[in-house]
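Note that the sequence shown ends on residue 207 in our numbering; no numbers are left out.
Quick notes on the structure that follows.
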Amino acid sequence: AQEKKGELNVNMAYTGDDYIKWAHDQGYKIWVCFTNNSHKLTTQEIIKDYNLRTSLINNVINYLKTHDVDGLNVDFENISPEYKEQFSRFIIELAPRVRALNKVISVDVTAPDGGEDWSLFADRRTLGKAVDYVFLMAYDENNGVVKTPGSTASLNWVKVALNKMQKKDSDNYVPKEKLVLGMPFYSWFYKINANGELF
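Below, the structure written as structure tokens:
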């Protein structure tokens, strides 16, 4: 999605209908990743307004009707926790319209109890009920942005996140048959000076 005032326009990063056909010929499924590119204010403006939400959903559905893809993956990030209910409402309104096209819908979430705008806006239990799959983005435990040295996703850290999402009495609960683990195939590089300090 690209940010404009009051709207997120659907924009295919790679206009590859030929690629989609090739992938299908090889037996692969294609799920479109629909992201807000972390545009916080515009995203919040849209999801809190029924008419703007509906307009965005219509744009997404029209895109899915135009391209022969098999599913939609929603990757919205950087939303204030106060918009938790509105984000859930957006997914609840979008999901049945995607399924009506015989396509799969999934949503990405970070590990529970992470940063406010990156974790706490996601009602994992509600999202898990609405969609076909919930992708746990099991990264970044540590990253080069804040210059904290450490694993991108240590085994214990990932296990803790998964366990929190498997507690049936928790707001983070997602049924295991709907849970997909997203693993990082990358790492961060940290620069250390002669004194052993990060810079």
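All C-beta atoms in this analysis are idealised placements derived from N, C-alpha and C, irrespective of residue type, glycine included.
When you compare only the Cα positions, how much space is there between residue 24 and residue 114?
By one-based count along the sequence shown, residue 24 stands at place 16. By one-based count along the sequence shown, residue 114 stands at place 106. Approximately 21 Å between the Cα atoms of the pair.
Tell me the DSSP bridge mates of residue 43?
Taking the first residue of the sequence shown as 1, we reach residue 43 at position 35. According to DSSP, residue 43 bridges with 83.
Three-state class that DSSP yields for residue 28 in the structure shown:
To locate residue 28, count along the sequence shown from 1; it is residue 20. Looking at residue 28 - three-state DSSP - the assignment turns out to be helix.
Just to check my reading of the structure: residue 111 and residue 136 have Cβ atoms closer than 8 Å, yes? What is that Cβ distance to the nearest angstrom?
To locate residue 111, count along the sequence shown from 1; it is residue 103. To locate residue 136, count along the sequence shown from 1; it is residue 128. Actually they do not touch by this definition, with Cβ atoms about 18 Å apart.
Assuming contact is defined by CB atoms lying nearer than 8 Å, are residue 178 and residue 134 in contact in what I supplied?
The sequence position of residue 178 within the sequence shown is 170, counting from 1. The sequence position of residue 134 within the sequence shown is 126, counting from 1. No, Cβ-Cβ distance for residue 178 and residue 134 is not below 8 Å.
Under 8 Å, do residue 107 and residue 120 count as touching if we go by C-beta distance?
Within the sequence shown, numbered from 1, the residue matching residue 107 stands at position 99. Within the sequence shown, numbered from 1, the residue matching residue 120 stands at position 112. Against a cut-off of 8 Å, the Cβ pair of residue 120 and residue 107 comes out as no contact.
Can you name the start and end residues of the beta strand (DSSP E) that residue 143 belongs to?
Against the sequence shown, residue 143 aligns to sequence position 135. It spans 141–145 - the beta strand (DSSP E) in which residue 143 sits, taken as one unbroken run.
Please give me, in chain order, every unbroken run of the beta strand (DSSP E) with length at least 3 that falls completely inside the segment 124–175.
141–145
In whole angstroms, what separates the C-alpha of residue 130 from that of residue 202?
Counting from 1 along the sequence shown, the entry for residue 130 is found at position 122. Counting from 1 along the sequence shown, the entry for residue 202 is found at position 194. The alpha-carbon atoms of residue 130 and residue 202 are separated by roughly 42 Å.
Between the alpha carbons of residue 63 and residue 141, how many angstroms are there, rounded?
Walking along the sequence shown from the start, residue 63 turns up at place 55. Walking along the sequence shown from the start, residue 141 turns up at place 133. In a straight line, the C-alpha of residue 63 is about 24 Å away from that of residue 141.
DSSP state of residue 9, grouped into three classes?
Working through the sequence shown from its first residue, we reach residue 9 at position 1. For residue 9, the pLDDT reaches just 44, beneath the cut-off of 50, and the residue's location in the model is therefore unreliable, leaving the point undetermined.
Reducing DSSP to helix, strand and coil, say where residue 106 ends up.
In the sequence shown, residue 106 corresponds to position 98, counting from 1. Reduced to three states, the DSSP call for residue 106 is helix.
Can you tell me whether DSSP reads residue 96 as helix, strand or coil?
On the sequence shown, position 88 is the one that residue 96 refers to. Reduced to three states, the DSSP call for residue 96 is helix.
So who's on the other strand from residue 113, going by DSSP bridges?
As a first step, residue 113 is located in the sequence shown; it is residue number 105 there, counting from the start. Beta-bridge pairing links residue 113 to 80.
Buried or exposed: where does residue 52 fall if 16 or more other Cβ atoms within 10 Å of its Cβ makes it buried?
If you number the sequence shown from 1, residue 52 lands on position 44. Per the 10 Å Cβ criterion, buried.
Exposed or buried, which one is residue 147 when buried takes at least 16 other CB atoms within 10 Å?
Residue numbering aside, residue 147 sits at position 139 when the sequence shown is read from its first letter. It is buried - the Cβ of residue 147 has at least 16 other Cβ atoms within 10 Å.
Exposed or buried, residue 207, counting other C-beta atoms within 10 Å across all chains shown (16 or more means buried)?
By one-based count along the sequence shown, residue 207 stands at place 199. Exposed, since its Cβ has fewer than 16 Cβ neighbours within 10 Å.
Quick test of your reading: residue 125 and residue 145, contact by CB under 8 Å. State the CB separation rounded to the nearest angstrom.
The sequence position of residue 125 within the sequence shown is 117, counting from 1. The sequence position of residue 145 within the sequence shown is 137, counting from 1. Contact flag wrong, Cβ pair sits at about 14 Å.
So what's residue 20 in DSSP terms, helix, strand or just coil?
As a working note, residue 20 is residue 12 in the sequence shown. With a pLDDT of only 49 at residue 20, under the threshold of 50, the placement of this residue in the model should not be trusted; the figure read from the coordinates follows. Coil.
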